[in-house]
Amino acid sequence: MTGRQSFRGVLVDGLRVQFGAVEAVTGVDLSVEQGQSMALLGRNGAGKSTTMRVLAGVVPPTSGTALVGGYDVREAALEAKRVVGYCPDVGGLVPRATPWEHLQLSARLRDLADWEMRGRALLERFDLGDVAHRVTAGFSHGMSRRLSVVLAALHEPEVLLLDEPFDGVDPVGVEATFDVIEDARARGAAVLVSTHLRDLAVEVCSEVAVLRGGTRMATISSGFMAGDDGARAYRALLAG
Numbered sequence: 001m002t003g004r005q006s007f008r009g010v011l012v013d014g015l016r017v018q019f020g021a022v023e024a025v026t027g028v029d030l031s032v033e034q035g036q037s038m039a040l041l042g043r044n045g046a047g048k049s050t051t052m053r054v055l056a057g058v059v060p061p062t063s064g065t066a067l068v069g070g071y072d073v074r075e076a077a078l079e080a081k082r083v084v085g086y087c088p089d090v091g092g093l094v095p096r097a098t099p100w101e102h103l104q105l106s107a108r109l110r111d112l113a114d115w116e117m118r119g120r121a122l123l124e125r126f127d128l129g130d131v132a133h134r135v136t137a138g139f140s141h142g143m144s145r146r147l148s149v150v151l152a153a154l155h156e157p158e159v160l161l162l163d164e165p166f167d168g169v170d171p172v173g174v175e176a177t178f179d180v181i182e183d184a185r186a187r188g189a190a191v192l193v194s195t196h197l198r199d200l201a202v203e204v205c206s207e208v209a210v211l212r213g214g215t216r217m218a219t220i221s222s223g224f225m226a227g228d229d230g231a232r233a234y235r236a237l238l239a240g
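The opening position of the sequence shown corresponds to residue 1 in full-length UniProt numbering, with each subsequent residue numbered one higher.
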């Protein structure tokens, strides 16, 4: 088994991702410690989702280093995936399967024991209890987003990656996602949230990394990014 490094959060150094002639990520550096939550903030195409996919083991990095839970996503891919809970920005659900069947599959793949009570509690928290045995094909975008967060959180991962978890989600779902993030932080997990919603990012995360054109422009405390002053600072970073 590949050795595990002492830093158990998220560590990204000089990350670059290229698809053919297109560089989706051109140099991102991040560090999220255990018990900390950070937001990746930026417009569509800023490189947020690509960075998250690298950390989740979905997309390989072209160059640079990416560690999750102390594992290198390239050299210890399987070990890295085991410590991660990942909510992708799109997809990830089986249309003909119910939420409960999704939970059963996730528990089986991860060899989880005594997961049913936590699974039911998460579905209720996200207002999905009444549709637990309904196929997801007819779910709204917001319902699918909520279920994706539930699946990411089920096994209480060491690293929680939530890519656009608030997109199309109602206030109940937003509050439930906040609770999941706070629960994860309380047990010492590192949390990375990708979003284009500045107000929600600064409310739930202690730091914000602003991405533009595949590059990290700045990492700023959430307090500085809040309110009207934060909105102006954010616009300035996006404008360059």
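Using N, Cα and C, we set each Cβ at its ideal position, and we do this for glycine too. Quick caveat: nothing in here was measured; it's all calculated off a predicted structure.
> Which of helix, strand or coil does DSSP assign to G35?
Replying inline: The count along the sequence shown starts at 1 and reaches residue 35 at position 35. Residue state, collapsed to three classes: coil.
>> Taking its Cβ as the centre, do 16 or more other Cβ atoms sit within 10 Å of H133, making it buried, or is it exposed?
In response: As a working mapping, residue 133 is identified with position 133 in the sequence shown. It is exposed - the Cβ of H133 has fewer than 16 other Cβ atoms within 10 Å.
>> With a threshold of 8 Å on Cβ separation, who are the neighbours of A176 within its own chain once the five nearest residues in sequence on each side are excluded?
In response: Looking up residue 176 in the sequence shown gives position 176. For A176, where only same-chain residues beyond five positions count, the Cβ hits under 8 Å are R125, F126, D127, R146 and V149.
>> Please state the DSSP three-state secondary structure of V174.
In response: For the purposes of this step, residue 174 is taken as residue 174 along the sequence shown, with counting starting at 1. It is helical.
> Within the present structure, is the beta-carbon of A107 separated from the nearest heavy atom of the ligand PLP by less than 7 Å?
Replying inline: Ligands displayed in this structure: none; no statement on the ligand PLP is therefore possible.
> Where does T98 fall in DSSP's three states?
Replying inline: Working through the sequence shown from its first residue, we reach residue 98 at position 98. Three-state result, T98: coil.
> DSSP three-state call for G129: helix, strand or coil?
Replying inline: Here residue 129 is taken as the residue at index 129 of the sequence shown, counted from 1. Here G129 sits in helix by DSSP.
> Out of curiosity, what's the CA-to-CA distance linking R74 and V10?
Replying inline: The sequence position of residue 74 within the sequence shown is 74, counting from 1. The sequence position of residue 10 within the sequence shown is 10, counting from 1. Cα to Cα, R74 sits roughly 14 Å from V10.
> Which residues mark the beginning and the end of the alpha helix (DSSP H) in which residue 247 is found?
Replying inline: Any property of residue 247 remains undetermined from this structure, which presents the chain solely from 1 to 240.
> Quick one: what's got a C-beta closer than 7 Å to S49's C-beta in the same chain, skipping five residues either side?
Replying inline: Here residue 49 corresponds to residue number 49 of the sequence shown, with the count starting at 1. Around S49: D89, D163 and S194.
> In terms of residue numbering, what span does the alpha helix (DSSP H) encompassing G142 cover?
Replying inline: One-based indexing of the sequence shown puts residue 142 at position 142. H141 to A153 is the span of the alpha helix (DSSP H), which, as asked, contains G142.
> In chain order, what residues of the same chain have a beta carbon less than 6 Å from the beta carbon of R110, not counting five sequence neighbours either side?
Replying inline: Residue 110 sits at position 110 when you count from the first residue of the sequence shown. Here the set comprises H155.
>> My parser needs the alpha helix (DSSP H) runs of 4 or more residues fully inside the segment 178-221; what are they?
In response: 198-204
> Three or more C-beta pairs closer than 8 Å, one from the segment 7-25 and one from the segment 52-71: is that the case here?
Replying inline: yes
>> Applying the 10 Å Cβ sphere with the 16-neighbour rule, what's the burial state of R216?
In response: Position 216 of the sequence shown, counted from the first residue, corresponds to residue 216. Buried, since its Cβ has 16 or more Cβ neighbours within 10 Å.
>> Cutting at 6 Å between CB atoms, please list the residues of its own chain near G92, excluding the five before and the five after it.
In response: Here the question's residue 92 lines up with position 92 in the sequence shown. Taken in chain order, the residues that qualify are S148.
> Which residue comes first and which comes last in the alpha helix (DSSP H) that contains A233?
Replying inline: Counting from 1 along the sequence shown, the entry for residue 233 is found at position 233. Segment G227 to A239, the alpha helix (DSSP H) holding A233.
> Looking only at its own chain, which residues have a Cβ that is under 7 Å from the Cβ of G142, when we skip the five neighbours before and after it?
Replying inline: Here residue 142 refers to the residue found at position 142 when the sequence shown is read from its first residue. So the qualifying residues of the chain are G168, V169, D170 and G173.
> How would you write the range of the beta strand (DSSP E) that L161 sits in, first residue to last?
Replying inline: Within the sequence shown, residue 161 is the residue found at index 161, counting from 1. V159 to D163 is the span of the beta strand (DSSP E), which, as asked, contains L161.
> Can you name, in chain order, every residue of its own chain whose Cβ lies under 6 Å from the Cβ of S31, other than the five neighbours on each side?
Replying inline: Within the sequence shown, residue 31 is the residue found at index 31, counting from 1. Same-chain partners within the cutoff: L11.
>> Let me check understanding here. Comparing Cα to Cα, which of L161, G42, L123 and M225 lies closest to R185?
In response: As a working mapping, residue 185 is identified with position 185 in the sequence shown. Here the closest residue by C-alpha is L161.
> Excluding the five sequence neighbours on either side, which residues of its own chain have a C-beta within less than 8 Å of the C-beta of D29, listed in chain order?
Replying inline: For the purposes of this step, residue 29 is taken as residue 29 along the sequence shown, with counting starting at 1. Taken in chain order, the residues that qualify are V12, D13, G14, L15 and R216.
> Do G69 and V180 have their C-beta atoms closer together than 8 Å?
Replying inline: The residue labelled residue 69 in the question sits at position 69 within the sequence shown. The residue labelled residue 180 in the question sits at position 180 within the sequence shown. No, they are not a contact pair.
>> Could you give the first and the last residue of the continuous alpha helix (DSSP H) run that contains L78?
In response: Residue mapping note: residue 78 aligns to position 78 of the sequence shown, counting from 1. Start and end: A77 to R82.
> Between which two residues does the beta strand (DSSP E) harbouring F19 extend?
Replying inline: For the purposes of this step, residue 19 is identified with residue 19 of the sequence shown, where counting begins at 1. That run of the beta strand (DSSP E) goes V10 to F19.
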